[in-house]
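A short worksheet on the structure shown next.
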Amino acid sequence: MDNKKYADFLTFKRPKSLQINDLAALFCGVKKTVYTSLKDKEDEKAMNLLCSQFGFKKKILKEFKDIKGDKTLDILIGRDVKRMNLAAKAYLNGRPYEWGIWLDYPDCCVDFFGKWEKGDKNSLIKAVLEASYKGTFFDFKVNNVLNFYSRIKSEDLKFKHASFFKKNSDFFRLGLDFEPFLPWHPCSYFCKKSLKAAEEIYYFMSKYLPQTAEKRKKLLSSPILFKDDFDWFIINGNVKKNNKEISVLGSGVLPPLSLAQDRVFKKASKSEFPKDLNFFKKEKYILLPFSG
Numbered sequence: 002m003d004n005k006k007y008a009d010f011l012t013f014k015r016p017k018s019l020q021i022n023d024l025a026a027l028f029c030g031v032k033k034t035v036y037t038s039l040k041d042k043e044d045e046k047a048m049n050l051l052c053s054q055f056g057f058k059k060k061i062l063k064e065f066k067d068i069k070g071d072k073t074l075d076i077l078i079g080r081d082v083k084r085m086n087l088a089a090k091a092y093l094n095g096r097p098y099e100w101g102i103w104l105d106y107p108d109c110c111v112d113f114f115g116k117w118e119k120g121d122k123n124s125l126i127k128a129v130l131e132a133s134y135k136g137t138f139f140d141f142k143v144n145n146v147l148n149f150y151s152r153i154k155s156e157d158l159k160f161k162h163a164s165f166f167k168k169n170s171d172f173f174r175l176g177l178d179f180e181p182f183l184p185w186h187p188c189s190y191f192c193k194k195s196l197k198a199a200e201e202i203y204y205f206m207s208k209y210l211p212q213t214a215e216k217r218k219k220l221l222s223s224p225i226l227f228k229d230d231f232d233w234f235i236i237n238g239n240v241k242k243n244n245k246e247i248s249v250l251g252s253g254v255l256p257p258l259s260l261a262q263d264r265v266f267k268k269a270s271k272s273e274f275p276k277d278l279n280f281f282k283k284e285k286y287i288l289l290p291f292s293g
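One point on numbering: in this note's numbering, the residue at position 154 of the sequence shown is 155, and numbering is uninterrupted.
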């Protein structure tokens, strides 16, 4: 298939509810089934065109409300009808482990997420961090800090999620792209199955959507000072290693912006690293050493 056809359907011909990473994963074979939604007639028309052009089947699940509270029609798309039917059965009968497996998420990640969802009151990002090796860099391709799907459960987090989008509306209007490469949450930042899948998706996007892939790489390979789901800073810089200690070299922050306290944000926006790193450690921020 020619590059232009893939590029067209990954961009302006893509249904707006369908994430680029999910569609790229379906195109390159990382996923056989994708869960997405339809918001309006325009979305439905675009989805029908996509399915007809690439031989995908569509299975309707049910009407739902998305993370923003908008009405959506949840659907599955893919080529393996049997797999889609099994996924739908798991979805409609409330069997999350099977649901995740039929959506081609690694079993280790599905199991990890299920345990976190049932018992852990901490941020999912902190849980993934705790399960990861320390003292080395994290691959940008599994950076999930800005992947809010499945993490926003409480009413408080839903309110913060809406506030986050409102705060960054000008950036998003100008085309800021912060979608991750990996369409699920890894069980650790060194999960071999997730790293392999993310590499395939990144390679596919680099081939057919190189500018988007490069922009995402630049953002996702930036180190992050993380405190909570909506309290973090993306540092305009990169990580460095002195002996066994990891630090940051850079200055200021990159958008999108979190809901951090104004006092701390003002400090971050003018900070020079590594000189000011201790300030943020005292404020309980944890360094996530993502790197390209």
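Heads up, the beta-carbon is just placed ideally off N, CA and C, and yes, glycines get one too. Keep in mind that this is a model prediction, so the values were computed, not measured.
Tell me whether residue i sits in a helix, a strand or coil according to DSSP, three-state version.
| i | result |
| --- | --- |
| residue 231 | coil |
| residue 284 | coil |
| residue 350 | In this structure the chain extends from 2 to 293, so residue 350 is not present and cannot be described. |
| residue 195 | helix |
| residue 180 | coil |
| residue 59 | strand |
| residue 146 | coil |
| residue 202 | helix |
| residue 116 | helix |
| residue 242 | strand |
| residue 94 | coil |
| residue 237 | strand |
| residue 36 | strand |
| residue 66 | strand |
| residue 292 | strand |
| residue 258 | coil |
| residue 226 | strand |
Once you ignore the five residues that flank residue i on each side, which residues in its own chain have a CB closer than 8 Å to its CB?
| i | result |
| --- | --- |
| residue 57 | 27, 51, 78, 79, 80 |
| residue 47 | 14, 15, 16, 17 |
What residue range does the beta strand (DSSP E) around residue i cover?
| i | result |
| --- | --- |
| residue 265 | Per DSSP, residue 265 belongs to no beta strand (DSSP E); it is in the alpha helix (DSSP H), 263–270. |
| residue 101 | Taken as a continuous stretch (DSSP letters only), residue 101 belongs to no beta strand (DSSP E), being part of the alpha helix (DSSP H) at 97–103. |
| residue 248 | 246–255 |
Taking the alpha helix (DSSP H) that residue i falls in, what are its first and last residues?
| i | result |
| --- | --- |
| residue 21 | 21–29 |
| residue 73 | That residue, residue 73, is in no alpha helix (DSSP H); its beta strand (DSSP E) goes 72–79. |
| residue 126 | 125–131 |
| residue 7 | 4–11 |
| residue 164 | 156–168 |
| residue 211 | 211–221 |
Near residue i, what residues of its chain come up, given a Cβ to Cβ distance below 7 Å and the 5 sequence neighbours on each side ignored?
| i | result |
| --- | --- |
| residue 61 | 74, 76 |
| residue 141 | 218, 221, 222, 291, 292, 293 |
| residue 88 | 34, 77, 100, 103, 104 |
| residue 179 | 147, 220, 257 |
| residue 181 | 22, 144, 145, 147, 148, 221 |
With a threshold of 6 Å on Cβ separation, who are the neighbours of residue i within its own chain once the five nearest residues in sequence on each side are excluded?
| i | result |
| --- | --- |
| residue 373 | Nothing can be reported for residue 373, as the shown portion of the chain is limited to 2 through 293. |
| residue 65 | 73, 75 |
| residue 251 | 236, 237, 238, 274 |
With hydrogens ignored, establish whether the beta-carbon of residue i is closer than 7 Å to any heavy atom of the ligand GTP.
| i | result |
| --- | --- |
| residue 266 | As presented, the structure is devoid of all ligands, the ligand GTP included, so that no description of it is given. |
Should the segment 168–175 be regarded as contacting the segment 131–141, the criterion being three or more beta carbon pairs within less than 8 Å?
no
Please confirm if the segment 106–120 is in contact with the segment 183–196, defined as three or more CB-CB distances below 8 Å between the two stretches.
A contact exists between the segment 106–120 and the segment 183–196.
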